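Under full-length UniProt numbering, the first residue of the sequence shown carries the number 1, and numbering increases by one thereafter. Ideal placement from N, C-alpha and C gives every residue a C-beta, glycine not left out. Computed from a prediction, not measured in an experiment: that's the story for all the values here. Below is one structure; the comments refer to it alone.
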Amino acid sequence: MIIIKKKTKVGIYSDGDPARTESAIRSALAQDFTEPVIFLQPDEKMLNSSFRGFQSHVVGSREQAREILKSKSKSHIPFLDEVVSKHSTVSKSSEVRISVKSSDRGPLLVAIPARDCEELTFRCLEHLAQHAGLSFFVLYIDDGSQDGVAERVEQKATSLRIPIDVLRFEEPIGFAKACNIAFSVPYYQHVLLLNNDCFVGPDCLTRMRDWLESDSEVAAVGPMTGDDGCLSLIRADRQEQSGISTKMTDRYDPLEGARLCQANKATSEPMLPFFCTMFRSDAIQEIGFQSTDPDYAFGLGADDDWCQRATNQGWKLLACGNAFAAHLHKQSFQHHQINRDELTQTAMQRFQSRRETRPTLSIVTRCHVDRPQGFENLRQSIEEQTSIGIQHVLLHSPGQIGISGANRLLATDEAVSRIKGDYVQVIDDDDVLSSPDYLDQLQTFIVSQGFPDWILVRGKINEREYPTPWGPKWKPVLGTVACFCIITSRRLWQEHHQAWGVDKCGDWNYAKALWDAGNRPVWFDFDGCETQHGHSNGGGECDERRAA
Numbered sequence: 001m002i003i004i005k006k007k008t009k010v011g012i013y014s015d016g017d018p019a020r021t022e023s024a025i026r027s028a029l030a031q032d033f034t035e036p037v038i039f040l041q042p043d044e045k046m047l048n049s050s051f052r053g054f055q056s057h058v059v060g061s062r063e064q065a066r067e068i069l070k071s072k073s074k075s076h077i078p079f080l081d082e083v084v085s086k087h088s089t090v091s092k093s094s095e096v097r098i099s100v101k102s103s104d105r106g107p108l109l110v111a112i113p114a115r116d117c118e119e120l121t122f123r124c125l126e127h128l129a130q131h132a133g134l135s136f137f138v139l140y141i142d143d144g145s146q147d148g149v150a151e152r153v154e155q156k157a158t159s160l161r162i163p164i165d166v167l168r169f170e171e172p173i174g175f176a177k178a179c180n181i182a183f184s185v186p187y188y189q190h191v192l193l194l195n196n197d198c199f200v201g202p203d204c205l206t207r208m209r210d211w212l213e214s215d216s217e218v219a220a221v222g223p224m225t226g227d228d229g230c231l232s233l234i235r236a237d238r239q240e241q242s243g244i245s246t247k248m249t250d251r252y253d254p255l256e257g258a259r260l261c262q263a264n265k266a267t268s269e270p271m272l273p274f275f276c277t278m279f280r281s282d283a284i285q286e287i288g289f290q291s292t293d294p295d296y297a298f299g300l301g302a303d304d305d306w307c308q309r310a311t312n313q314g315w316k317l318l319a320c321g322n323a324f325a326a327h328l329h330k331q332s333f334q335h336h337q338i339n340r341d342e343l344t345q346t347a348m349q350r351f352q353s354r355r356e357t358r359p360t361l362s363i364v365t366r367c368h369v370d371r372p373q374g375f376e377n378l379r380q381s382i383e384e385q386t387s388i389g390i391q392h393v394l395l396h397s398p399g400q401i402g403i404s405g406a407n408r409l410l411a412t413d414e415a416v417s418r419i420k421g422d423y424v425q426v427i428d429d430d431d432v433l434s435s436p437d438y439l440d441q442l443q444t445f446i447v448s449q450g451f452p453d454w455i456l457v458r459g460k461i462n463e464r465e466y467p468t469p470w471g472p473k474w475k476p477v478l479g480t481v482a483c484f485c486i487i488t489s490r491r492l493w494q495e496h497h498q499a500w501g502v503d504k505c506g507d508w509n510y511a512k513a514l515w516d517a518g519n520r521p522v523w524f525d526f527d528g529c530e531t532q533h534g535h536s537n538g539g540g541e542c543d544e545r546r547a548a
């Protein structure tokens, strides 16, 4: 078995053994290659094979594809997150062989979102390297730092022998979005959100992990600290919880704090501040992401919102009396001269007055003149919804304008500006809503997930599943997105709907624009639409165009 690597692309030349090929695929994904492709036979004549569904992830013979995947349920194949289909993608002139083995990342993803302040990040990494006590992998999310910061952070991690991926955004996307990117990374048992001004003490992470795994109903845990917050050892109740009888000489010293915090005790909390918080991955899947509401600027208030949703759903939050992490608190705000107190006040007002009402939905339909019956059936399926709160926006097609022309309507038509719903979904007039309770279930889901900005509907149409079920490792890939899958907040729609007009693959362009802006989707499992066997026939707008 050979894996050939060039930058972020990888080609896997299979020796025909199904088990070894699957191991190679998983190894490639564990190292986060963005464009892995299997060459079952490195033979040019085999590259023209075209498969439906999950078999399109494989370049080679149809028979070999079946042999490797025949016993796999499609919903359990999180193999590839990007597909390429040409030999030229992998240059043999720059081959680098890497071993095929299971992931060396371990069960813990440490996510460090930061903007500038690289000296703080260096200290954060140094304490991780010295005191982690367990296997981990760092995802550093650079939130619009000055040029060179991300590269120097990566170099620092490498010098400390810390495995790291760096995701850099030219413009700030916001703390909550950065955290949600970490929440969406698959294959890890736990996720640690770690501020770059937070320095873990000895045994901190291992003890946090032990508490997290002590009860299957624990969603998240946090350590003691020395800042001015609710988990600080300057508070008498936290001193008692941690078994401390002497006053700390330096409340920002992680070594002293760790030495003092030895009481094997954890308390149930209504809320945890997310400066150093370890989450159970399956809890994230159930509770959802952090709210990206603009009033929760820099993540302020988003942690309260997430914690309340967690406890409302029966999950537990623990503060660990025997774990300590020094938190300098407010350092980034001071560096960028941001008025944190004013932002906190806005966030708390938003949290206290947050919506409990069910959201409204604008359904945008492109009405084709040659399919009056299809439109009528869709209109009827909308009117039959049992829950109130739908606005139906019609974009009338002026004759035969094709898919590209129809997409341009979504980007430019005046009717688009009249959208009033809290959320927006595009449904072609050759599809219909599958059942009268679709909106009711969608509204319930949105409220339970804390009003996420981007929702992907997972379901079937014509016995084909959309989006293509690659497990949690989903990215916008040509040929895998159908427009009815995508539901966004009105704010995201207003920011990105012009992406529909780029070309005929409007749904993919829209999804990619959302993704590239740092947004990540939550999954709503419901067969939301049924096809009327019109022009798309359930294939989605991008079905004719393969990834390249």
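Between the CA atoms of residue j and residue i - distance to the nearest angstrom
i              : j                 : result
alanine 129    : serine 245        : 30 angstroms
alanine 513    : lysine 247        : 52 angstroms
glutamine 313  : leucine 272       : 16 angstroms
glutamate 240  : phenylalanine 289 : 33 angstroms
proline 78     : proline 254       : In this predicted model, proline 78 has a pLDDT of only 30, less than 50, meaning its place in the structure is not dependable enough to derive any value.
asparagine 196 : valine 153        : 11 angstroms
serine 268     : valine 218        : 9 angstroms
alanine 411    : arginine 520      : 21 angstroms
cysteine 529   : tryptophan 493    : 21 angstroms
lysine 177     : serine 448        : 18 angstroms
glycine 518    : lysine 504        : 24 angstroms
isoleucine 287 : leucine 317       : 13 angstroms
glutamate 465  : leucine 193       : 33 angstroms
glycine 374    : isoleucine 427    : 12 angstroms
tryptophan 515 : proline 476       : 7 angstroms
glycine 450    : threonine 357     : 11 angstroms
isoleucine 403 : arginine 371      : 14 angstroms
histidine 127  : phenylalanine 199 : 6 angstroms
threonine 206  : glutamine 262     : 13 angstroms
asparagine 322 : glycine 257       : 9 angstroms
glutamine 146  : tyrosine 510      : 28 angstroms
aspartate 527  : serine 417        : 28 angstroms
glycine 201    : alanine 157       : 18 angstroms
isoleucine 388 : isoleucine 446    : 15 angstroms
glutamine 55   : alanine 319       : Caution is warranted here: a pLDDT of 31 is assigned to glutamine 55, below 50, making its placement in the model unreliable, and no coordinate value can be reported.
Segment limits, beta strand (DSSP E) that includes residue i
i                 : result
alanine 415       : First-last for alanine 415: undefined, no H or E at that position.
arginine 168      : 164–169
arginine 115      : Where arginine 115 is concerned, there is no enclosing beta strand (DSSP E), given that its DSSP letter is neither H nor E.
cysteine 276      : 276–280
aspartate 143     : 136–143
phenylalanine 324 : 316–327
alanine 157       : Element bounds for alanine 157: not the beta strand (DSSP E) but the alpha helix (DSSP H), 149–159.
histidine 368     : It is not in any beta strand (DSSP E) - histidine 368 carries neither H nor E in the DSSP assignment.
alanine 266       : 266–268
arginine 358      : It is not in any beta strand (DSSP E) - arginine 358 carries neither H nor E in the DSSP assignment.
leucine 395       : 390–396
arginine 464      : 464–466
threonine 488     : 486–489
First and last residue of the uninterrupted alpha helix (DSSP H) at residue i
i                 : result
proline 372       : 372–383
phenylalanine 175 : 175–184
isoleucine 234    : Looking at the DSSP string, isoleucine 234 is not in any alpha helix (DSSP H), and its letter there is neither H nor E.
cysteine 307      : 302–312
serine 448        : 438–448
arginine 259      : 254–260
Buried/exposed call for residue i, threshold 16 Cβ in 10 Å
i              : result
asparagine 407 : buried
threonine 531  : buried
isoleucine 173 : buried
leucine 212    : buried
glutamine 285  : exposed
glycine 148    : exposed
isoleucine 415 : Here residue 415 turns out to be alanine, not isoleucine, going by the sequence shown. The residue is exposed, with fewer than 16 neighbouring Cβ atoms inside 10 Å.
leucine 109    : buried
isoleucine 486 : buried
glutamine 385  : buried
threonine 444  : exposed
proline 270    : exposed
glutamine 155  : exposed
arginine 458   : buried
(request) Flag this pair as touching only if the region 180–196 and the region 227–235 have three or more C-beta atom pairs under 8 angstroms; answer yes or no. (result) no
(message) Within 8 angstroms, do at least three Cβ pairs link the region 381–393 to the region 433–452?
(response) yes
(request) Jot down the residue ranges of each uninterrupted alpha helix (DSSP H) in the region 491–538, minimum 4 residues, whole runs only, in chain order. (result) 506–516
(request) Quick one: which unbroken beta strand (DSSP E) runs of 3-plus residues sit fully inside the region 181–231? Chain order, please. (result) 190–194, 198–200 and 218–224
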